[in-house]
Each structure stands twice: as structure tokens, then as C-alpha cells.
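Numbering (this note's numbering), first residue to last: 440 to 623. Yeah, the Cβ is synthetic: ideal placement off N, Cα and C, and Gly gets one too. Quantities reported herein were computed from a predicted structural model and do not represent experimental measurements.
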């Protein structure tokens with residue numbers, strides 16, 4: 440006569456099922472970064488899409504990787520704007536740079552980008568291991584100031600541009616760019 444087959448205990452089965460479920464549920468999920476919402480509250484955030492991929496500022500520890508310098512003067516000599524976005528957590532650590540040197544920025548105005556790197560123009564640049572891309576004239580992009588408060592030192596806006604690598608002729612498309620900052 441053969442030995443009886445032991446029946447599994449319900450408590451043991453439930454424990455194994457629970458353990459298996461927890462194992463699957465606890466696998467680290469790769470979360471793609473998302474663009475921040477467009478705000479006008481001094482949220483100290485920025486982001487854009489580069490060829491459809493999200494670029495948000497993060498340093499190696501996940502904190503903001505934004506470099507922002509601006510003076511919201513009332514004369515060209517007392518005004519400048521420079522926004523740098525880099526994601527050091529990504530593999531290519533690309534840098535996006537928007538500059539408006541010696542321009543009096545005004546709320547509600549849109550400024551076209553130029554190739555010239557001189558005072559009084561706005562321009563966009565994108566640096567990656569694949570190349571150095573710059574805006575070209577005419578009409579290669581825009582910077583729009585959606586909110587500006589000189590007293591509180593707050594600035595928010597949008598940007599988009601197409602930049603070209605002069606050596607290879609390749610282009611990158613920067614779309615849905617946004618920023619919202621309050622300088623201390």
C-alpha cells in the first residue's frame with residue numbers, strides 16, 4: 440500500500456501566496472520623469488521635451504539641477520536672464536541653456552531666438568555627447584514671459600526652439616519648455 444499524499448495546509452498556501460505577491464509588488468519600478476505643471480507662483484521648477492524626451496533639472500542626488508541667474512532690471516544695462524537645465528541622473532547629462540542678455544523682459548511678451556551671441560538677443564543652446572546645438576536665425580524659437588514681478592523677483596515663462604549642430608547639421612527640437620522661479 441502506498442503512503443497517503445499529504446494535503447497542503449491552507450495557512451501555508453496563503454503565506455506562500457502572500458510572500459510571492461509581495462515579492463512581485465516590491466520590485467523597483469522605473470519611473471520616468473514628468474514635466475512640471477506650468478505655474479506662476481515662484482515654484483522654482485523647470486522642464487521641457489527634447490526630441491520628445493523629458494528633461495527636468497536633477498543633480499546626482501535627485502535634487503534640482505537648475506542653474507538660474509537673472510536680474511529683472513528696467514534698463515538693458517541692468518537686465519539679464521540665463522536658465523540652465525541639466526539632468527545629471529540621466530546617462531547623457533545634457534545641458535539646455537536659454538539666455539537673454541541685456542534685454543528688458545516684460546510680462547506677456549514673446550522674444551524670438553537668434554544665432555547672434557551678442558547683447559540684446561535671446562538664444563537657446565543644447566549640449567549633449569552627440570553635439571553642440573544652437574538656435575539659428577530667423578525664427579528658430581521663442582522665449583515667452585508669462586509672469587513677471589520685479590518687486591518680488593519672480594519670473595515664469597515658456598520656451599521652444601529648434602537648434603542645429605553646425606558641424607553635422609543635425610537638429611534637436613525643444614518643445615513644451617516652462618519655468619517658474621523666485622530669486623531669493
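Contact annotation: residue 612 and residue 597 have beta-carbon atoms that are not nearer than 8 Å. Linking residue 595 to residue 605 through their CA atoms gives a straight-line distance of about 30 Å. Below 8 Å, enough C-beta pairs join the stretch 529-538 and the stretch 558-575 to call them touching: three or more.
Going by beta carbons, residue 615 and residue 487 fall inside the 8 Å limit. By the neighbour-count criterion, in which a residue is buried when 16 or more other Cβ atoms sit within 10 angstroms of its Cβ, residue 496 is buried.
In the three-state scheme derived from DSSP, where H, G and I count as helix and E and B as strand, residue 541 is classed as coil. The beta-carbon separation of residue 545 and residue 584, rounded to 6 Å, stays under the 8 Å limit for a contact. In the structure shown, residue 553 falls within a coil segment according to DSSP collapsed to helix, strand and coil. Beta-bridge partners assigned by DSSP to residue 621: 593. By the neighbour-count criterion, in which 16 or more other beta carbons inside 10 Å mark a residue as buried, residue 576 falls on the exposed side. In this structure residue 570 is not in contact with residue 552, their Cβ atoms being roughly 18 Å apart against a cut-off of 8 Å. Under the DSSP assignment, residue 588 falls in the beta strand (DSSP E) whose first and last residues are 580-588. DSSP, read as helix, strand or coil, puts residue 518 in coil. Comparing alpha-carbon positions, the option among 516, 538, 472 and 529 lying closest to residue 599 turns out to be 538.
Between residue 519 and residue 540 the beta-carbon gap is near 5 Å, inside 8 Å, which marks them as a contact. Residue range 570-574 is occupied by the beta strand (DSSP E) that includes residue 573. Annotated as proximal: residue 574 and residue 562, with beta-carbon spacing under 8 Å.
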